[in-house]
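Some notes on the structure that comes next.
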Amino acid sequence: MLTREYYKKGFEDWKRELFEYKYLIVLSGVIVAVATFLDYFSGVYVSTEAQTAHVPDLILDHIKPPVNLGFLFVYGYLALIIALFLYPLFLHIRMFHIVVSQFSLLVMLRSIFIIFTHLQTPPDAIEVSFPWIFEGLSFENDMFFSGHTAVPLLGFFLFSDSKVKYFFLAGSICMGVTVLAMHLHYSIDVFSAYFITYCSHKMGRFLLKKLDPTY
34 MLTREYYKKG
44 FEDWKRELFE
54 YKYLIVLSGV
64 IVAVATFLDY
74 FSGVYVSTEA
84 QTAHVPDLIL
94 DHIKPPVNLG
104 FLFVYGYLAL
114 IIALFLYPLF
124 LHIRMFHIVV
134 SQFSLLVMLR
144 SIFIIFTHLQ
154 TPPDAIEVSF
164 PWIFEGLSFE
174 NDMFFSGHTA
184 VPLLGFFLFS
194 DSKVKYFFLA
204 GSICMGVTVL
214 AMHLHYSIDV
224 FSAYFITYCS
234 HKMGRFLLKK
244 LDPTY
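Just so we're on the same page, my numbering is the position in the sequence shown counted from 1, plus 33.
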């Protein structure tokens, strides 16, 4: 039976690790702020300035008409992002700055790809809107690659030693199917996300070892 002393010790261990890695956590916060700025800049660019074009897609051509899975697209995705951060924050604080930094790197890479890949949102895509501040980070024509697919997949790679990885893998597959069903991404956006996320994770591991030799 779990006792009060058990929970007290767990909290003390959590607090000790939090202070042990406080500088790396603060640094990861700065990195995610930079990544958010780049994401916003690239989104504005492809939505208002870049010359974009929509292209034929073999898979989308066979999903007619698009299927409205808006609730899953918005709230399912937000739930996966929240879970990606809350899991290490409360259950594995030593991983928290790693998760934030890896997430930031993935967002930065996606921002660069968006700037140089001028694909237009498919003309029959189902319109969606995000709540609160998230709507300000939602753009048209930010196609390549699919963040909905990539972000939960990152959780699969980050938590490879835990069974929770299967939750994130299932979330990635579910989001990939969702964005295709709604015609909010091309199939190349979804399929490439699996390869790019793997490479981003490997790159992040290499860089993090420079900052955190114990990682």
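Every residue gets a Cβ at the ideal spot worked out from N, C-alpha and C, and that includes glycine.
Just so you know, these numbers come straight off a predicted model, no measurement behind them.
Boundaries of the alpha helix (DSSP H) harbouring residue 124: 110-124, taken from the DSSP string. With a cutoff of 8 Å on beta-carbon distance, residue 171 and residue 212 are scored as not near each other.
In the structure shown, residue 86 falls within a strand segment according to DSSP collapsed to helix, strand and coil. Taking residue 188 as the centre and dropping the five residues before and after it, the same chain places the C-beta of 117 and 201 closer than 6 Å to its C-beta, in chain order.
Per DSSP, reduced to three states, the secondary structure at residue 91 is coil, with no helix or strand assignment. Within the model, the alpha-carbon separation for residue 156 versus residue 169 is close to 21 Å.
Contact check for residue 161 against residue 107 passes: the beta carbons are separated by less than 8 Å. Residue 243 and residue 99 have their C-alpha atoms roughly 46 Å apart. By the criterion of a C-beta distance shorter than 7 Å, residue 129 is surrounded in its chain by 58, 121 and 122, once the five residues flanking it on both sides are discounted.
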